[in-house]
Amino acid sequence: MNLLASFAPFFAFAILIHLDHVAAALWAGAAVAAALLLRDRLVRHRSFKILEVGTLVLFAGLAVYTRVTGQSWTIPAVRLVVDAGLLLIVLASLAIGQPFTLQYARETTPPEVWGTAPFRQVNRTITLVWAAAFAVLVLADAAMVSVPEIPRRIDILATVLALVGAYKFTVRATAQATQ
-14 MNLLASFAPF FAFAILIHLD HVAAALWAGA AVAAALLLRD RLVRHRSFKI
36 LEVGTLVLFA GLAVYTRVTG QSWTIPAVRL VVDAGLLLIV LASLAIGQPF
86 TLQYARETTP PEVWGTAPFR QVNRTITLVW AAAFAVLVLA DAAMVSVPEI
136 PRRIDILATV LALVGAYKFT VRATAQATQ
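Structure (structure tokens):
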């Protein structure tokens, strides 16, 4: 699923952030996002996607900001900023009437379906579910920043449950839509 590959920058970030390499985690997220954009454009000849462009801007912007300002992030604080940025990308895609999942769904559906109301509604619903999952991440991160005594495993559990739930919903909704 190409949608999952688009989250690779966040996986790279998550791995390095938990090794306590904040700046490297931000640069890695930016590098993976850039690689995905180049791969899609140059190898697969696909157009740029809202999520992938937004991810590159998010990670590169935060990496440059951190370098220029010397910002010293805690893990919960940088996760909060990254997850809030991801949520904003998804909400912006909804606000402009182009739910970010549309671009991925078009890769596996015939063009005659793209303009139909059911196709657009399914993608809007799936994008809303992902937005809700990212909102859970933001809330969990904010709780970790505000109340550092909360065990980190609670934040990790909330993150995993939210993302797995959104993924499973996506798979189910996609399967039902194609029946």
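The sequence shown begins at -14 in my numbering and counts up by one. Glycine is no exception: its CB is placed at the ideal position from the N, C-alpha and C atoms.
Beta-carbon separation (whole angstroms), leucine 11 vs phenylalanine -4, contact threshold 8 Å: Wrong, their Cβ atoms sit about 14 Å apart, outside the cutoff.
Exposure label - glutamate 134; buried when at least 16 CB within 10 Å: exposed
Start-to-end residues for the alpha helix (DSSP H) that takes in arginine 137: 137 to 162
Exposure of aspartate 25, with buried meaning 16 or more beta-carbon neighbours within 10 Å: buried
Exposure of valine 122, with buried meaning 16 or more beta-carbon neighbours within 10 Å: Correcting the residue type first, residue 122 is leucine in the shown sequence and not valine. By the neighbour-count rule (16 or more Cβ atoms within 10 Å), leucine 122 is buried.
Alanine 116 and leucine 76 closer than 7 Å at C-beta: yes
Contacts around glycine 70, its chain only, beta-carbon distance under 6 Å, and the 5 residues preceding and following it disregarded: Leu43
Local Cβ density within 10 Å of leucine 36, reported as buried at 16 or more and exposed below that: buried
Glutamate 92 - DSSP class collapsed to helix/strand/coil: coil
Coil, strand or helix - glycine 14 by DSSP: Reduced to three states, the DSSP call for glycine 14 is helix.
Closest by C-alpha distance to aspartate 5, when choosing among His30, Pro61, Ala20 and Val67: Pro61
Cβ pair count under 8 Å reaching 3, the segment 128 to 142 against the segment 47 to 66: yes
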